[in-house]
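What follows is one structure encoded as C-alpha cells, with my remarks underneath.
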Amino acid sequence: MPPGNAVGRLARVVIIGGAAVYGLTNSLFNVEGGHRAILFNRIGGISEKVYAEGTHLMVPWFMRPIIYDVRARPNVITSTSGSKDLQMVNIGLRVLTRPMSEKLPEIYRTLGTDYAERVLPSIIQETLKSVIAQYNASQLLTMREVVSRDIRRILTQRARYFNIVLDDVSITQLTFSREYTSAVEAKQVAQQDAERAKFIVEKAEQDKQSAIIRAQGEAQSATLIGQAIQQNPAFITLRKIEAAREIAGTISGSANRVFLSADSLLLNLSDLEIMKKK
Numbered sequence: 000m001p002p003g004n005a006v007g008r009l010a011r012v013v014i015i016g017g018a019a020v021y022g023l024t025n026s027l028f029n030v031e032g033g034h035r036a037i038l039f040n041r042i043g044g045i046s047e048k049v050y051a052e053g054t055h056l057m058v059p060w061f062m063r064p065i066i067y068d069v070r071a072r073p074n075v076i077t078s079t080s081g082s083k084d085l086q087m088v089n090i091g092l093r094v095l096t097r098p099m100s101e102k103l104p105e106i107y108r109t110l111g112t113d114y115a116e117r118v119l120p121s122i123i124q125e126t127l128k129s130v131i132a133q134y135n136a137s138q139l140l141t142m143r144e145v146v147s148r149d150i151r152r153i154l155t156q157r158a159r160y161f162n163i164v165l166d167d168v169s170i171t172q173l174t175f176s177r178e179y180t181s182a183v184e185a186k187q188v189a190q191q192d193a194e195r196a197k198f199i200v201e202k203a204e205q206d207k208q209s210a211i212i213r214a215q216g217e218a219q220s221a222t223l224i225g226q227a228i229q230q231n232p233a234f235i236t237l238r239k240i241e242a243a244r245e246i247a248g249t250i251s252g253s254a255n256r257v258f259l260s261a262d263s264l265l266l267n268l269s270d271l272e273i274m275k276k277k
C-alpha cells in the first residue's frame, strides 16, 4: 500500500472523528434549575418553543440556545417626586420581578435579555411620580400601606404589558426635605406645649373648684356650730372638754414632766360654774 494512501486515509479518519466529536458535544445544551431556554435558528429565527430544565438536543451551528433566569429578582429604584402639597419626597421602592416563561420568545424579540434594565426604571419612575402627586405629605406618612397598594396595582398593570410579573412591591425609604422635617418637628413641639398649657389650666380650674367646695364646707360647718351654740350653750363646754382630753393625752405620752394650768387645758372650773349658774 502506497504511503500516500495511508496518510490520506488517516486524515479522513481524523476529520470525520473530529466532526463527530464536535457535533456530539455541541448538539446538547443544559437548562439549569430556575431557568428557561429558547432556540435561535439561523434559518427560521426564534422558535416559539420554551425549553424547561434539563438536557436538550439542537443542531450545531444552525441553532443557538438563549437562556433566561425566570426566578424572582429584586430591583431597587429611588425617585424624587412632588406631593400634592408641593413637598419634595425621596422614595425608594423594591420590586421582585420575573419574566413570563411562556412569553420568552416575544420578550427576546422586543426587549432582549436585559429586559429589566430597559423597562423597570422608566415605568417605576413614572408610577411613583403619578401616585405620590395624589397625596399630601402628611398622608404619605399616615397612609403608607394605601400608597404602597396603589403603586403595586399600577405597576402590575404596566409590567404585564411587557410580559413581566411583579411578585412583590414594597416602599423601603420615604423621606422629606430638611425644611419640611424641621417644620414637622416644630409643630410637634408646639402641640406638646399646647397640651401642657391645657393641663395647667385644667389643674388650676380643679384647684379653684376644690377651694370653693372647701370654703362652702367650712362656712356650712361654722353655721351649724353657731346654731348649736345658740340652741345649747353647753356645746362650747363639750368642745373644751374634748380639747383638754386631746392635750392631756398628747402630754402624757411625753417623757418630760409638764405642769399646766386649767386655762392651758381650756378647762377652767370657775368658768364652768359661771356657765352653770347662768
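In numbering that gives the first Met the number 0, the protein residues as written are 0 to 277.
Heads up, the beta-carbon is just placed ideally off N, CA and C, and yes, glycines get one too.
Does the separation of the CB atoms of R72 and L103 fall below 8 Å? no
Three-state secondary structure (DSSP) at D68? strand
Boundaries of the alpha helix (DSSP H) in which I123 is found, first to last residue: 114 to 131
Could you pull out every residue in the same chain whose Cβ sits closer than 8 Å to the Cβ of V99, ignoring the five residues on either side in sequence? Looking at the sequence itself, residue 99 is Met, so the reference to Val does not match. Hits under 8 Å: I106, N162, I163, V164.
Span separating the alpha-carbon of E101 from that of S176: 45 Å
Kindly list the residues whose CB is nearer than 6 Å to the CB of Y114, restricted to its own chain and excluding five residues on each side of it in sequence; keep chain order. I106
Look at the alpha carbon of F61 and the alpha carbon of I42, and state the distance between them as a whole number of angstroms. 7 Å
If you follow the beta strand (DSSP E) that D149 is part of, which residue opens it and which one closes it? Run containing D149: none in the beta strand (DSSP E); it sits in the alpha helix (DSSP H), 143 to 160.
Nonlocal neighbours in the same chain, by C-beta distance under 8 Å from Q172, ignoring five residues either side: T77, N89, I90, G91
Quick check: the Cα distance between V49 and R159, rounded to an integer number of angstroms? 19 Å
Would a C-beta distance cut-off of 8 Å place A132 and K83 closer than the cut-off? yes
Nearest-angstrom Cα separation, counted from S121 out to G44: 29 Å
If I measure Cβ to Cβ from T54 and keep anything under 7 Å in the same chain, skipping five residues before and after, which residues do I get? L27, N29
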